Structure formats: structure tokens, C-alpha cells
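K.L.:
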Amino acid sequence: MELEDGKQLLAHPDATVVIELDQPKERRLLLFEVDLAKKNRERLERRVRAYGAYVNKHAEAIKREHGVTDVAVVFVAPTH
Numbered sequence: 008m009e010l011e012d013g014k015q016l017l018a019h020p021d022a023t024v025v026i027e028l029d030q031p032k033e034r035r036l037l038l039f040e041v042d043l044a045k046k047n048r049e050r051l052e053r054r055v056r057a058y059g060a061y062v063n064k065h066a067e068a069i070k071r072e073h074g075v076t077d078v079a080v081v082f083v084a085p086t087h
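Residues in the sequence shown are numbered consecutively from 8, following the working numbering.
1) Can you give me the start and stop residues for the beta strand (DSSP E) that residue 37 sits inside?
2) With H, G and I counted as helix, E and B as strand and the rest as coil, what does DSSP make of residue 44?
3) Throw me the rounded Cβ distance for the residue 35 and residue 68 pair, which I believe falls under 8 Å.
4) Going along the chain, which residues of its own chain have a beta-carbon closer than 6 Å to the beta-carbon of residue 23, five neighbours each way excluded?
5) Hey, how far is the Cα of residue 63 from the Cα of residue 74?
6) Contact check, residue 18 vs residue 54 under 8 Å by CB: the rounded distance?
7) Would you mind stating whether residue 83 and residue 43 have Cβ atoms separated by less than 9 Å?
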């Protein structure tokens with residue numbers, strides 16, 4: 008994934024889930040990023056921005072690849 012400053016960030020979701028809803032008929036892809044290492048907040052914020060930029064830029068391709076109507080990223084991290 009590319010960051011705002013042009014640097015690359017090697018990241019991939021820790022887990023993925025597809026949720027199927029019947030009314031209305033939808034399939035949503037959730038990409039989970041789990042950060043339990045309690046590393047610094049700047050690192051987490053950088054990852055949030057990178058995932059946001061990636062999903063915004065590639066949303067249509069991601070949806071086609073997974074056969075879904077929507078995609079979202081879920082971050083799980085401890086509070087300080």
C-alpha cells in the first residue's frame with residue numbers, strides 16, 4: 008500500500024469476513040487489522056491512512072474480486 012508521502016507500506020488484513028444481508032440483498036467485505044502489540048499511535052494512524060487510501064483507490068476492483076457490494080476496514084487496537 009502506498010502512503011501519502013509516496014512510501015510503501017507492506018500490509019495485508021489479519022482476517023477477512025463476508026457478511027451477506029438479505030434485505031436489501033448485499034454482500035459486505037470486512038477487512039480486519041488487529042494490532043495488539045501496543046506499538047505507538049503514529050504507526051496505527053499511518054496504517055489507517057494507508058488502508059483508507061488503498062480501499063478508496065481500488066474499491067471497484069476489490070468488490071469485483073470478492074463478489075461483494077461494499078468493502079470496509081475494521082481496526083482493532085488496545086487503548087492506552
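Don't be surprised by glycine CBs; every beta carbon is placed ideally from N, CA and C.
Only a predicted model underlies this, so the values are computations on that prediction, with no experimental measurement involved.
P.N.:
Once the coordinates are examined:
1) That run of the beta strand (DSSP E) goes 33-41.
2) Correct three-state label for residue 44: coil.
3) 16 Å between Cβ atoms; not a contact.
4) Setting aside the 5 residues that flank it on each side, residue 23 is surrounded in the same chain by 38, each with a C-beta closer than 6 Å to its C-beta; the list follows chain order.
5) So the alpha carbons of these two residues sit roughly 17 Å apart.
6) Yes, they are in contact, since the Cβ atoms of residue 18 and residue 54 sit about 6 Å apart, within 8 Å.
7) One thing to note: residue 83 has its Cβ within 9 Å of the Cβ of residue 43.
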